[in-house]
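Asker:
Numbering (my numbering), first residue to last: 1 to 177.
Shown next, in the form of structure tokens:
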């Protein structure tokens with residue numbers, strides 16, 4: 001009897017500790033095998049830094065960057081209801097207090113947001129969410145340690161000036177018109 005009580009308490013503690021709220025990480029995992037989504041994961045090795053002369057700021061930015069996850073939904077005339085439902089799921093996840101909105105561009109059905117998780121100078125995740133009814137939407141998670149907005153700007157600069165292996169981005173080419 002006593003053993004049953006302890007097992008029941010233990011199981012209830014485990015179950016009460018589980019967070020059932022939706023997160024972007026859960027959303028990515030749930031849709032990773034879905035044929036309506038395109039998923040691309042990129043690491044910092046994408047940037048060919050060996051042949052580049054990096055500034056101290058760029059080195060710091062690169063060291064703070066861990067990986068980038070991209071999940072995209074390609075909309076067409078046959079899946080507009082699914083596009084709306086999936087887009088709304090992401091919007092609702094980003095309304096969670098964990099995600100702090102940094103910027104919003106556009107309004108209504110088309111637009112983009114930039115959000116982050118963490119503190120302003122110790123950001124663990126940047127999230128770009130862009131949607132356009134004709135194309136679909138994409139969610140980009142930039143994960144790292146102690147990132148800040150300057151690091152992200154330096155990373156974008158590095159991406160533009162480096163010789164990126166474009167094969168990693170081929171799955172997304174069909175979405176860009």
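Note that CB positions come from ideal geometry on N, CA and C, so glycine has one too.
Give me the Cβ distance between residue 154 and residue 123, rounded to the nearest whole Å; I'm assuming they're in contact under 8 Å.
Answerer: Taking 8 Å as the upper bound for CB-CB distance, residue 154 and residue 123 are not in contact here, some 13 Å apart.
Asker: CB residue 125 to CB residue 152, shorter than 8 Å?
Answerer: no
Asker: Quick one: grab the DSSP three-state call for residue 130.
Answerer: Residue 130: strand per DSSP, three-state reduction.
Asker: CB residue 67 to CB residue 94, shorter than 8 Å?
Answerer: no
Asker: Pairing CB atoms from the region 44-64 with CB atoms from the region 105-118, are three or more of them under 8 Å?
Answerer: no
Asker: Just grab the DSSP bridge partners of residue 115 for me.
Answerer: 101 and 127
Asker: Can residue 27 be considered in contact with the ligand HEM, in the sense that its beta carbon sits closer than 7 Å to one or more heavy atoms?
Answerer: In the structure on display, the ligand HEM does not appear, and there are no ligands present to speak of.
Asker: Taking the alpha-carbon positions, what's the residue 158 to residue 88 distance?
Answerer: A direct Cα-to-Cα measurement between residue 158 and residue 88 gives close to 32 Å.
Asker: Could you give the first and the last residue of the continuous alpha helix (DSSP H) run that contains residue 43?
Answerer: Residue 43 -> not in any alpha helix (DSSP H); beta strand (DSSP E) instead, spanning 37-43.
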